[in-house]
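> Sharing a structure with you now.
2 protein chains.
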Amino acid sequence: MTIGDASGRPAAARTAASGGNVVISVDAMGGDRGPAVVVAGMAESAAKNPDLRFIVHGPAAELQRLIGRRRDLADRCDLRDAPGVVTMQDKPSQVMRKGEGTSMWSAIDSVRAGEATACVSCGNTGALMALSMIRLRKLPGINRPAIACLWPSRNPQGFNVMLDVGADIRADAPDLAQYAMMGASYARNGLGLERPRVGLLNVGTEEHKGRPELKLAAELIEAGTSLGSYDFVGFVEGGDLPGARVDVIVTDGFTGNVALKTGEGTAKLVGDFLKEAFANSVMSKFAAVLAMTSLKRLQKRIDPRRVNGGVFLGLNGTVVKSHGSADATGVSAAIKLAFQLARSGFQERLAARVAQGPAGDMPAAQVRPGPVA
Amino acid sequence: MTIGDASGRPAAARTAASGGNVVISVDAMGGDRGPAVVVAGMAESAAKNPDLRFIVHGPAAELQRLIGRRRDLADRCDLRDAPGVVTMQDKPSQVMRKGEGTSMWSAIDSVRAGEATACVSCGNTGALMALSMIRLRKLPGINRPAIACLWPSRNPQGFNVMLDVGADIRADAPDLAQYAMMGASYARNGLGLERPRVGLLNVGTEEHKGRPELKLAAELIEAGTSLGSYDFVGFVEGGDLPGARVDVIVTDGFTGNVALKTGEGTAKLVGDFLKEAFANSVMSKFAAVLAMTSLKRLQKRIDPRRVNGGVFLGLNGTVVKSHGSADATGVSAAIKLAFQLARSGFQERLAARVAQGPAGDMPAAQVRPGPVA
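Just so you know, the sequences run in chain order A and B.
With the UniProt record's numbering applied, the first sequence corresponds to residues 1 to 373, in that order.
With the UniProt record's numbering applied, the second sequence corresponds to residues 1 to 373, in that order.
Structure, rendered in structure tokens:
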């Protein structure tokens, strides 16, 4: 365990440059459950991935105490003293002005400086997006960055990608076309799908339905299939989010955020009703014991902690937002996602793809083969 | 069983006028499963409610054959010959021009003529709304009618109300304020809540979040609490839809439709995963047998057929839209809802409430006590 300050040049840069190691920058503060849970999540991931290294940002004394206890983890961490904390109540505009010295700012800056490949934070989503925008800047050619989430589905890969789930409450047709391209790239690198199927969220699958901007967006997304190396299945509905018709669901950040929270809330309701049902009688309690293995398997399939991690797309650097209320398992899932994306070279692939021009921007005749991102 | 044609004056008018009887107009065609399922649903409801009478619309020969078999039901039905059928593929604009003579048109006209108190259809939602608009007309003072659905929740009443779930993809701030008033009236008459708690769907509960029109809508809804006899809890999120913080959730028809279908899709996914989990081993199959009663209870709590029925609000007449794929149990649930609303005098109460002026339209000083709807 080495200690620097937020502005100091890292011992970890060495680690990042050396052999197969992947360095993840972790904001230890700002989550609802405090830094102990974040450190526990880091320890879980570190135990599973020997190539994983961390740069950890927060109040040095507190982090030293928490990490020092864990011998195996301590050897793989660089600490950066950042005494300030961004709270869930802070407004993004305030954090942009006064956020320097916070663990969140410092964690993003490790990616900016190139000493870490990706950043993970459990903090305030709006503030994290705002700081990521000003410190990492948008990729050239991107108008609105987006947050992509993974959604449990009936597809063989087990998950679908949905974006935007809350980076921006507005999205015009060209923005939605960029989301299609970025989402497809994420599905290719994060889920291993060679040619993802993209759908545009609407209130019906018929062509005449929905808002006028969605019709235009559908045309742009259709025009971008060659350039973006995806198939376009057309309009999809809310019921398709966990379905097998599509791998990537494109929508604006307002609708996507409502859908995400509705899905989570519904899954939790059904899960709670299930628990109540089994607690109902002696017979059902006995049945629950017999079915324990099966129920645990079900729980694992729908456990939101397993798919914890919204990825910010469209910036010069990868940022993974974990749930504010994530426990150690949730934090570990977010770190695993950041690790996978870092290892796959996702950021460079996406940047190369975007540099070719936004989807639908050029006629099909001009489309040239490029690196597959 | 009496038979008239679509334009004929009804024998059922007598029935409607007599003692406690409630007459429901049923469109027997247009659902995905055909008229046999609709008739089976009518029989289920009729068996439970002795005061229920029907006017049934569709091809007379087919209906006579289906209903004639059921002695108890036949005595309580008037048939109206309407050979045309609105299909799920028909565009609303076409149905508005050429829909006369269809069972859907005929079913709505029974409410228009006052011979039935409410209409139930499993057909094409867009066409049903379009026909309801031109035949029943909007209530004076209403700008955009809305479709309200019931959502399984943790509240004591078991359900929350959400609107709009798809009548109109747009909604301005004054429309949302009218939805609040209409939704509160529906919750009062349909769920028996004296003073419903209304929330406005947004991407966060903080006042500074969301689209500008939502801030204005929140002010209008807050200003309408006295006139509308509801409490306003402010912004709510997708996770609150099945929650206990709120009874009525107000949103535009695009967002509401996506949320509704997302919730249904998620509940179905979890249910299917649960079935797979129990089919996993001999032990878990045995456990499923032991837990049968509890699992059936759970299934009943989350069964979408139990809450089948979107209610069109803001028209001169009550129209209940059943799921296109509803089975007999689903149709029966939609008829039960229409029956409850008809019996409670909901339509007259809502009209009186709306006649007082749209929520937020007048300063608090001018608010006068009116009939509680």
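Just so you know, even glycine gets a beta-carbon here, dropped at the ideal spot from N, CA and C.
Between the Cα of A:K91 and the Cα atoms of A:A127, A:V203 and A:F286, which residue gives the shortest distance?
A:A127
> Taking DSSP's pairing of strands, which residues face A:T318 in a bridge?
BP columns for A:T318 point to A:A118.
> Should A:I147 and A:A167 be called a contact, given that it needs their Cβ atoms to be closer than 8 Å?
yes
> Relative to the alpha-carbon of B:F54, which residue among B:E62, B:A352, B:M42 and B:R97 has its alpha-carbon at the smallest distance?
B:M42
> Taking contact to mean at least 3 C-beta pairs separated by less than 8 Å, is the segment 311 to 325 of chain A in contact with the segment 313 to 326 of chain B?
no
> If you drop the 5 nearest sequence neighbours on each side, which residues of the same chain put their C-beta closer than 7 Å to that of B:A187?
V161, L193, P196, D247 and V248
> Going by the DSSP bridge assignment, what does A:P152 pair with across the sheet?
When beta bridges are read from the DSSP output, A:P152 appears opposite A:F159.
> Give the straight-line distance between the Cα atoms of B:N49 and B:K209, rounded to the nearest whole angstrom.
48 Å
> Whole angstroms is fine: what's the gap from residue 401 of chain A's alpha carbon to A:V331's?
Residue 401 of chain A lies beyond the residue range present for chain A, which begins at 1 and ends at 373; the question has no answer from this structure.
> Given a limit of 9 Å on CB to CB distance, which residues of the segment 265 to 281 of chain A reach chain B?
G265, T266, A267, K268, L269, V270, G271, D272, F273, L274, E276, A277, F278, A279, N280 and S281
> Less than 6 Å between C-beta atoms, sequence neighbours within five positions excluded: which residues of the same chain meet that for residue 383 of chain B?
Residue coverage of chain B in this structure runs from 1 to 373, which leaves residue 383 of chain B outside it and unanswerable.
> Taking all protein chains shown into account, do 16 or more other C-beta atoms lie within 10 angstroms of the C-beta of A:T125, making it buried, or fewer, making it exposed?
buried
> Taking 8 Å as the CB-CB cut-off, is B:A291 touching chain A?
yes
> Tell me the DSSP secondary structure of B:K261 in three-state form.
Of the three classes helix, strand and coil, the one that applies to B:K261 here is helix, per DSSP.
> Quick one: which chain B residues come within Cβ less than 8 Å of A:F254?
V203, G210, R211 and T255
> Within its chain, find whatever has a CB closer than 6 Å to the CB of A:M129; leave out the 5 residues flanking it on each side and keep chain order.
A167
> May I ask you to list the residues that DSSP assigns as paired with B:L200?
B:F235 and B:V250
> Which bits of chain A does B:A259 rub up against, with CB to CB less than 8 Å?
Residues of chain A passing the Cβ test: G238, V258, A259 and T262.
> Just to check my reading of the structure: B:A259 and A:A259 have Cβ atoms closer than 8 Å, yes? What is that Cβ distance to the nearest angstrom?
6 Å
> For A:P35, which option in A:D78, A:C122 and A:G253 has the closest C-alpha, if you only look at C-alpha atoms?
A:C122
> Got a sec: is the Cβ-Cβ distance from B:G310 to anything in chain A below 8 Å?
So no, B:G310 is outside the interface.
> Assuming B:I55 is part of the beta strand (DSSP E), what are its boundary residues?
L52 to G58
> From what residue to what residue does the alpha helix (DSSP H) around A:D27 run?
Counting along the chain, no alpha helix (DSSP H) covers A:D27; the unbroken beta strand (DSSP E) around it starts and ends at V22 to D27.
> Would you tell me roughly how many angstroms separate the C-alpha atoms of residue 393 of chain B and B:T117, rounded to the nearest one?
The requested residue 393 of chain B is not part of the displayed model; chain B covers only 1 to 373.
> For A:G271, name the three-state secondary structure that DSSP assigns.
helix
> Just how far apart, CA to CA, sit A:L163 and A:R211?
Taking the straight line from one Cα to the other gives about 18 Å.
> What are the partner residues of B:T102, as DSSP defines its beta bridges?
B:G84
> For A:G310, which of helix, strand or coil comes out of DSSP?
strand
> Can you tell me which of A:V289, A:R70, A:W105 and A:L79 puts its alpha carbon nearest to the alpha carbon of A:E44?
Distance check between A:E44 and each of A:V289, A:R70, A:W105 and A:L79 places A:R70 closest, using alpha-carbon atoms only.
> Give a yes or no on whether 8 Å exceeds the smallest Cβ distance from B:P152 to chain A.
yes
> In chain order, what residues of the same chain lie with their CB nearer than 7 Å to the CB of A:N308, ignoring the 5 residues before and after it?
S322, H323, A326, G330, A333 and A334
> Given this structure, state the Cα-to-Cα distance separating B:L341 from A:Q89, to the nearest angstrom.
43 Å
> Does at least one heavy atom of the ligand NAP sit under 7 Å from the Cβ of B:T125?
Looking at this structure, you won't find the ligand NAP or any other ligand, since it has none at all.
> What residues from the segment 169 to 185 of chain A come within 9 Å of chain B, judged by C-beta to C-beta, listed N to C?
Correct list: I169 and R170.
> Give me whichever residues DSSP pairs with B:I147 in a beta bridge.
B:F312
> What number of angstroms, rounded off, separates the C-alpha of B:K285 from the C-alpha of A:G243?
26 Å
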